[in-house]
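Heads up: the first sequence begins at 1412 in the numbering used here, then just goes up one per residue.
We put the beta carbon where it would ideally sit given N, CA and C, even for glycine.
What you are looking at is a predicted structure, and each value in this text was computed from that prediction instead of being measured.
For reference, the structure discussed in these notes is given below.
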Amino acid sequence: MRDMPQADPAATLLSWYDTHARDLPWRVPPQDRLAGVRPDPYRVWLSEVMLQQTTVAAVKDYFHRFTRRWPTVEALAGAEDADVMAEWAGLGYYARARNLLKCARAVTRDHGGRFPEDHVALLGLPGIGPYTAAAIAAIAFDHPETVLDGNVERVMARLHDIHDPLPGAKETLRARAAELTPRERPGDHAQAVMDLGATICTPRAPACGICPWRDPCLARARGTAAILPRKTPKRPKPTRYGIAYLAEREDGAVLLERRPDKGLLGGMLGWPGPEWGDAPDETPPFEADWRELPGEVRHTFTHFHLVLRLRCAILRADASPDGLEPIARHEFRPQALPTVMRKAHDLWRSAAADGSRVRTD
DNA sequence: CACTCGTGGAA
DNA sequence: TTTCCAAGAGT
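See below:
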C-alpha cells in the first residue's frame, strides 16, 4: 500500500488557482465566484475575442476603452462601424473587430441582448469559434465545456509527454484536456489551466519546480518539458514592397481610403497606394505634385515582411479625389490607423518637421 | 487541411 | 537582427 492514491489533478489545480489566480480586469476572482458573483457574459466575450492570439498586456487598455465607451452589448451593437474599427486600431487581426460588431448586433437582434449559454448556439455567432464558444460557456455560465487554446495544448502535451507535432496532435490533446474537466467549477478550472500555462508552464523555461502539477507531469519526470509541444515548422516570410501616398490639403485635411472588408487590414483606414508585391505599380492613385520622402517603413505581418516607400503632396483645399475620404485635421487621429499606416504617418510628419527645421536655419 | 490574417515583447 | 510566440477564426 505504498502507492497512496494520487490526489485528483483537477482538485490540485483548483486549490492552486484559489491562491494564485491572476488579477485580470474581466475576471471574477475565485473567492467572489464561490460567493455567487457571476461574470458579465458581455465582458467575458469581449475579453476572449480580444485575447485571440493576443497577449494580456496588449489587451488590457483596449478592454478598458471598449467597456467604458460601450458598457453593454446593446450599446456596442448601436455603435458606428468606423468608431469600432478606430477603437480596435493597433490591436491587429481586424476581422475580429468586424465580427465583434456582427456578433453584438446578432445578440441584440436575435437573442434579446443576452448571450446564449449553449456552446453550440455560441458557435453560430460571428467570430466565435470552438475555443471562444467553450470559454464563454465555461467562464460566463459555468458549463462543463473544455477549452483548448495554446496554453492548454502546451500544458497537456507536457503533462502527458506527447511528442506528436501540432496542429496534428490537437485532437489528442483535446481528449486529454476533456478528461480533466471537472463537473464542479468548470469555469474556474478553464481559467486555471490557462493561468498555469501563462505563468508557470510557459513556452520557454517552464517553472516546473513551483508547478502544482509537478508530481503527475510526465515531461518533467522525463526532462522533456522545454521541447514540448512540438510544432511543424513554419514557412519563411517573403518580403513585399509597396508605396504609400500621403496627401494633405491646404485646409489641413488628410486623404485616406477605407480598405475593403475582405483581406489584409480589412475595414480599416489607410493611405492609398498600389497593391503590395515584388514590384509595385509606380502610378499614383491621383494626380498631384508627389515628392519622395527619404527613408522607408518596415513592418512585419503574419506571413510577410513589408518595405513601404512614401510619397507626399499638398493639395488644394477643395480637392476630393475619387474613392478617398478627406478627414479634417482636428478629427484625424493617427491612433485610429492600423500600425503600419501609423508608422507611415509618423515618418511623414517627422520628415516634414526636419525639412522645416532645415529651411528655417 | 492549409492558408490568411497584426502586433509587440522576449530571447 | 531574426525568430518565436500569444486566451484562434474564417475560408
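Inset, instruction - Give the single residue among 1690, 1539, 1634 and 1559 whose Cα lies nearest to the Cα of residue 1603. - result: Stepping through the first sequence from its first residue, residue 1603 is reached at position 192. Considering only alpha carbons, the answer is 1559.
Legend entry - Environment of residue 1412 [buried if 16+ CB atoms lie within 10 Å]: As a working note, residue 1412 is residue 1 in the first sequence. Residue placement at residue 1412 is flagged as unreliable, the pLDDT there being 42, under the threshold of 50; the coordinate-derived value follows with that caveat. Residue 1412 is exposed by the Cβ-count criterion.
Legend entry - Pairwise C-alpha distance: residue 1676 and residue 1714: Numbered from its first residue, the first sequence carries residue 1714 at position 303. Numbered from its first residue, the first sequence carries residue 1676 at position 265. C-alpha separation (whole angstroms): 13 Å.
Inset, instruction - Determine the DSSP secondary structure at residue 1650, reduced to helix, strand or coil. - result: The residue given as residue 1650 occupies position 239 in the first sequence. Correct three-state label for residue 1650: strand.
Legend entry - Whether residue 1542 touches residue 1459 by CB criterion (9 Å): Taking the first residue of the first sequence as position 1, residue 1542 is located at position 131. Taking the first residue of the first sequence as position 1, residue 1459 is located at position 48. Their beta carbons are under 9 Å apart, which means residue 1542 touches residue 1459 by this criterion.
Legend entry - residue 1748 (DSSP reduced to helix, strand or coil): Here residue 1748 is taken as the residue at index 337 of the first sequence, counted from 1. In this structure, residue 1748 counts as coil in the three-state DSSP scheme.
Legend entry - Contact check, residue 1641 vs residue 1580, beta carbons under 9 Å: Along the first sequence, read from residue 1 onward, the residue named residue 1641 stands at position 230. Along the first sequence, read from residue 1 onward, the residue named residue 1580 stands at position 169. Yes, they are a contact pair.
Inset, instruction - To the nearest angstrom, report how far apart residue 1506 and residue 1696 are at their CA atoms. - result: On the first sequence, residue 1506 is found 95 positions in, with the first residue counted as 1. On the first sequence, residue 1696 is found 285 positions in, with the first residue counted as 1. Going by the C-alpha atoms only, they are around 26 Å apart.
Inset, instruction - Answer yes if the region 1629-1638 comes into contact with the region 1470-1479, meaning at least three C-beta pairs across the two stretches below 8 Å, and no otherwise. - result: no
Inset, instruction - Could you say if the region 1544-1552 and the region 1438-1453 meet the contact criterion of at least three C-beta pairs nearer than 8 Å? - result: yes
Inset, instruction - Using beta-carbon positions only, say whether residue 1655 and residue 1596 come within less than 9 Å of one another. - result: The residue given as residue 1655 occupies position 244 in the first sequence. The residue given as residue 1596 occupies position 185 in the first sequence. No, the pair does not count as a contact, with Cβ atoms beyond the cut-off.
Legend entry - residue 1656, DSSP secondary structure in three states: Along the first sequence, one-based indexing puts residue 1656 at 245. Correct three-state label for residue 1656: strand.
Legend entry - residue 1717 versus residue 1503 - alpha carbon distance: The sequence position of residue 1717 within the first sequence is 306, counting from 1. The sequence position of residue 1503 within the first sequence is 92, counting from 1. Roughly 16 Å separates the two Cα atoms.
Inset, instruction - Inspect the CB distances between the region 1518-1532 and the region 1491-1502 and report whether three or more fall short of 8 Å. - result: no
Legend entry - Where residue 1772 sits in the DSSP three-state scheme: Position 361 of the first sequence, counting from 1, holds the residue named residue 1772. Confidence is the limiting factor: at residue 1772 the pLDDT is only 25, short of 50, which leaves the residue's position unreliable and the question unanswerable from this model.
Legend entry - Reduced DSSP secondary structure (H/G/I, E/B, other) of residue 1710: Position 299 of the first sequence holds residue 1710. Strand.
Inset, instruction - In the DSSP assignment, find the unbroken alpha helix (DSSP H) run with residue 1420 in it and report its ends. - result: Residue mapping note: residue 1420 aligns to position 9 of the first sequence, counting from 1. Its alpha helix (DSSP H) spans residues 1420-1431.
Inset, instruction - Would you mind reading off the limits of the alpha helix (DSSP H) that contains residue 1452? - result: Here residue 1452 refers to the residue found at position 41 when the first sequence is read from its first residue. It spans 1452-1461 - the alpha helix (DSSP H) in which residue 1452 sits, taken as one unbroken run.
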